[in-house]
Every structure is written in structure tokens, then in C-alpha cells.
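Residue numbers (numbering that gives the first Met the number 0): 0 to 276. Beta carbons: idealized from backbone N, C-alpha and C, even for Gly. Owing to the predicted nature of the structure, the values given are computational and were not obtained by experimental measurement.
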Amino acid sequence: MTKPPAACLIGWPAAHSRSPLIHHYWLRTLGIEGGYSIEAIPPEGFAEFVLHLSTHGFVGANVTIPHKERALALSKPDDRASAVGAANTLWYEGGELRSTNTDIEGFINNLDACAPGWDRAEDALVLGAGGASRAVVFGLLERGIKSVHLANRTIERARALAGQFGARVHPVAWETVKELLPRAGLLVNTTSLGMHGQPPLQIDVGLLPDNAVVADLVYVPLETPLLAAARARGLKVADGLGMLLHQAVRGFELWFGQRPKVTPELRELVEADLKGA
0 MTKPPAACLI GWPAAHSRSP LIHHYWLRTL GIEGGYSIEA IPPEGFAEFV
50 LHLSTHGFVG ANVTIPHKER ALALSKPDDR ASAVGAANTL WYEGGELRST
100 NTDIEGFINN LDACAPGWDR AEDALVLGAG GASRAVVFGL LERGIKSVHL
150 ANRTIERARA LAGQFGARVH PVAWETVKEL LPRAGLLVNT TSLGMHGQPP
200 LQIDVGLLPD NAVVADLVYV PLETPLLAAA RARGLKVADG LGMLLHQAVR
250 GFELWFGQRP KVTPELRELV EADLKGA
């Protein structure tokens, strides 16, 4: 008798992840026999675990901090994972360990769901130049946004990231954000500013155009001060929880063979869990 397929989340630490909640909901609602667990694996044990993933009983995995770059190096990445320089989803194809980065589609599909027509913006302003920012910039360029301004406190990091994407990405000093807001049709926060326990993000959303869309990758709290201010102004917003849910879709489909849906019920389930944390 064959065991039902199982996937896992590999991280260090990993206990606070909402991924099991999301995948178990989909397994249950789609009537699929399968499993999803958390595997807390320290950096020194990561290579051994990943290279023997199937031996450990898994058909694939999500990968989170601090293993995303290493996961890329230990697998055969697709174009998206290569472009972002990090992998967050692993699966087997013909016995070969493959990888992708679903942060890109998570971000873009969440924008499509929350703010249809957002891609009419010609100018986007992205705050932060870390790994999440790289996925966001890739997605925006792929979707056809003409110009992306990338602001980071250390402009060297913004320059390095912009250098990987070409002439449509413009690194700018953090101090110039205020001047760029009036022309930004899309504002995206990829920093941890505004997250629970972190300093606030000082941005005057009153300077944005009336049709601007505001996205924040932070999901604790569910509504960051940035999103609250944007909503109060009547702007369309896309939150970090939506991105978290949408980025989980492709992994589930690769492992369990059915494409799940992000439903209001799933969102309520994860929201309730976050509020109880």
C-alpha cells in the first residue's frame, strides 16, 4: 500500500509558519489524502535533508529563511527562481529535484485579486532591496510596468539589485521617496518597517495620485499603518496575507495534482489564527 503524498516546510526556525494551516485546509476541502508538516532544519543539516527529500518521505517542500539561496544551489531552478536568486518551492520532475520561486506570482496574483487594473500604472515605487524586493521587481517588469524606482536606506544595495534588471529599474536614495510619491501609480513596501515590533514606516500617502494602489508585504499586523492610511484615503490596497495565500497555490498543485483556490473562508481561517497568536 502506497503512502499518501506529503510535503513540508523547511526553515530555521519554522514553528510560526501558517503554511500547514493553508495546505491542510486545501487537502481537506479538495478531499485529497496527503500531509504537510514543519521540518526545523539547521543550516548545517539542510543539504543532507534536501538531497534526500524523497527518502524522508516527501514529494516536495516549501523553503523559508535562511535556506532559500541554498535551495536554489542544490536543485535545478526554473527561470523565476534563477532571476530572483532564491527558491521557496521544491518538487520532483522525472526523479530530478526542481525549484521555483512563487513569491512572484503570489505578489502579482494578489494584486490582480485586490486591485484589478493596477498594471495601468506606468511608475512603481518599491521600498527595500532584499530578496522579497527582487521577486516584486521581477514580477512588475514581467507584467510590463515601464519604470520601477527602487528605494533603500543603503543605496548600494538598491544599485546592486537594479543592476541585475536593466534600465527600467532606477535605484534612488531613501530621502528622495517624498519627491517620487506624486507620480507613483503603485507603491510597494517590501521592508519590515511597520511590522509588529519594528519601527514604523514614515510615508505620507497623501502625496500619492488619487488612483494609486498600495501594497504591503507585511502581514503582522494584518492591516499595517501604511495600508490603513491608504484605505482612509480611498486607495486600493493589497496586503501581505493575500500574497502569502496566493504564493502557496503553485506548490500545492505541483505536489498534490490539483490547483487550489484562495477563498474568503481560507483567509478568515488564517486571519483568526494570526489574531490568536
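query                                                                                                                                                                           : result
Ignore the nearest five residues each way along the sequence and tell me which others in residue 46's own chain have a CB closer than 8 Å to its CB.                            : 69 and 73
Apply the 10 Å Cβ neighbour rule to residue 282 and answer buried if 16 or more other Cβ atoms are within range, or exposed otherwise.                                          : For residue 282 there is no data in the structure shown, the boundaries of the chain being 0 and 276.
For residue 2, report the span of its beta strand (DSSP E) as first-last.                                                                                                       : No beta strand (DSSP E) contains residue 2, which DSSP labels as neither H nor E.
By Cβ distance, which residues of its chain are closer than 8 Å to residue 50, with the 5 residues on each side in sequence left out?                                           : 73 and 96
Report buried or exposed for residue 64, applying the criterion of at least 16 other Cβ atoms within 10 angstroms of its Cβ.                                                    : exposed
Return the CA-CA distance between residue 192 and residue 2, expressed in angstroms with no decimal places.                                                                     : 44 Å
With DSSP as the reference, identify every bridge partner of residue 170, one or two as the case may be.                                                                        : 149
What residue does the beta strand (DSSP E) around residue 98 start on, and which one ends it?                                                                                   : 95-99
Identify which residue in 99, 94, 182 and 190 has its Cα closest to the Cα of residue 83.                                                                                       : 99
State yes or no: is the beta carbon of residue 153 nearer than 8 Å to at least one beta carbon in chain D?                                                                      : Although the question refers to chain D, the structure presented lacks it and comprises just one protein chain.
Would DSSP call residue 211 helix, strand or coil?                                                                                                                              : coil
From the DSSP output, in three-state form, read off residue 256 for me.                                                                                                         : coil
Taking residue 216 as part of the beta strand (DSSP E), name the residues at either end of that continuous run.                                                                 : Residue 216 -> no beta strand (DSSP E), and no H or E assigned at all.
Tell me which residues share the same chain as residue 122 and place their Cβ nearer than 6 Å to its Cβ, disregarding the 5 neighbours each side in the sequence.               : 146, 182, 183 and 184
At which residues does the beta strand (DSSP E) containing residue 73 begin and terminate?                                                                                      : Premise fails: residue 73 is in no beta strand (DSSP E) and is neither H nor E.
Note down the Cα distance separating residue 87 from residue 243, rounded to an integer number of angstroms.                                                                    : 12 Å
Drop a sphere of 10 angstroms on the beta-carbon of residue 67, count the other beta-carbons inside from all chains shown, and report buried for 16 or more, exposed for fewer. : buried
Determine the DSSP secondary structure at residue 39, reduced to helix, strand or coil.                                                                                         : strand
Looking at residue 20: is its Cβ nearer than 8 Å to the Cβ of residue 60?                                                                                                       : no
Leaving out the 5 sequence neighbours to the left and right, which residues in its chain are closer than 6 Å to residue 187 when beta-carbon positions are compared?            : 125, 135 and 214
Closer than 8 Å is the cut-off here; do at least three beta carbon pairs connect the region 217-237 with the region 109-121?                                                    : yes
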